[in-house]
Amino acid sequence: MARRRKRVYANADTGNGGGFALLAVLGVGAAYWIYSLPTNTVRNFWRYGTSANERMGIEIAAAVIVLLVLKSVVSAVRHRQALRRLQSANQAAHAAYLASVSEFRWRPGLTPLEFERHCSDFLFTRGWTSEITKVSGDQGVDVLARKGGITVVIQCKQWQKPIGNDAVKEVLAGKAFVKADYAAVVSSQGRYTKAARELAGATGVFLFHYTDLDKANALFSA
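Going by numbering that gives the first Met the number 0, the letters in the sequence shown line up with residues 0 to 221, in that order.
So, in structure tokens, the structure goes:
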């Protein structure tokens, strides 16, 4: 079993939205207060109630607020544009990855965890709901796949040597544990010992080379 790391998809939609909202609220509130005052009151206050220096200070403060609001708006727009580009790039990269998995263009030297992920994602491209199990308490199951009321447990082996019957025993235990309909061992090189083949034949466990996953829809049926 490979040690697994949980994939995390972070929400990147963070930025200056809070600052912009605060400035916008302040600006709207100030504008509403001024608008609600009688016109003569505003005109008289501006003309007689303030000195020239005070008026200049107010004008400068207003200009600064407007510039800050504009800066926040531009920053928010740029942030959202960058986020859209990032999401588009991620979607394109994921689509390219799934295409390579679906066509068995698997690169040499996959780690055991990557091999499990490829097996799971291949089944996903064939319409299965599949997931990699957690490292502890998996009961011999690396991939759990479901489709049309059928549940399949899979143990993945990224080994160079032939796979022995321990893998068959473990996936059988996993099948009983999750009450699955089928169990399979998937190997990167497709070689199994005689003992593994005999036990699999007697218990109904499928022994696959990873390209045999393309037969899953035909083999795993109600």
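We put the CB at the ideal spot given by N, CA and C, even for glycine. Note that the structure is predicted; figures quoted are calculated from it, not measured.
By the Cβ criterion, the region 97-113 is not in contact with the region 78-86, since fewer than three pairs of Cβ atoms, one from each stretch, lie closer than 8 Å. If the five residues before and after W105 are omitted, its C-beta is found closer than 6 Å to the C-beta atoms of H117, all from its own chain and listed in chain order. The C-alpha of A81 is placed about 41 Å away from the C-alpha of T150. Rounded to the nearest angstrom, the gap between the Cα atoms of V204 and A94 is 32 Å.
Around the C-beta of Y96, fewer than 16 other C-beta atoms lie within 10 Å, and the residue is accordingly described as exposed. If one requires a minimum length of 3 residues, the beta strand (DSSP E) runs lying completely within the region 82-169 are 128-131, 142-146 and 149-156, in chain order. The beta carbon of E130 is closer than 6 Å to those of L143 in its chain, skipping five residues each way along the sequence.
8 Å or more divides the Cβ of A195 from the Cβ of V170.
In the structure shown, the three-state DSSP call for A182 is strand.
If you draw a straight line from the Cα of A183 to the Cα of P161, it is about 15 Å long. Counting along the chain, L212 sits inside no alpha helix (DSSP H), nor does DSSP assign it H or E at all. Using a 10 angstroms sphere on the CB of L206, the tally of other CB atoms reaches 16 or more, which defines it as buried.
Secondary structure at F205: strand, using DSSP grouped into helix, strand and coil.
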